[in-house]
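Take a look at the structure set out below.
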Amino acid sequence: MFSDFLVALGGGIPGDVTGFCAAVYLRGVEYVQIPTTLLAHIDSSVGGKTAVNIDGGKNLVGCFW
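Residue 28 in full-length UniProt numbering is what sits at position 28 of the sequence shown, and the numbering runs on without skipping anything.
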């Protein structure tokens with residue numbers, strides 16, 4: 001059992017990046033998302049999907065919680 005965890009403070013992009021990092025670090029650690037924008041409150045902080053953009057396209061690298 002890992003005691004490490006990550007905290008995402010901000011809108012959708014910080015939440016997605018932190019969620020992805022939490023999923024791949026040590027094969028998954030807990031993370032807490034604290035949304036600070038209205039859009040993050042109602043959209044990106046709900047659902048358990050995190051994805052990040054790369055040069056090849058949008059949301060190509062990600063994971064499901």
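Every residue gets a Cβ at the ideal spot worked out from N, C-alpha and C, and that includes glycine.
Residue burial is scored here from C-beta neighbours: Y25 has fewer than 16 other C-beta atoms within 10 angstroms and is therefore classed as exposed. For V29, the three-state secondary structure derived from DSSP is coil.
Annotated three-state conformation of V46 is coil, per DSSP. Contact between A40 and G11 holds: their C-beta atoms lie close to 5 Å from each other, under 8 Å. Residues of the same chain with a CB within less than 6 Å of the CB of N59, apart from the 5 flanking positions on each side, are A51 in chain order. Per DSSP, the beta bridge partners of F5 are E30.
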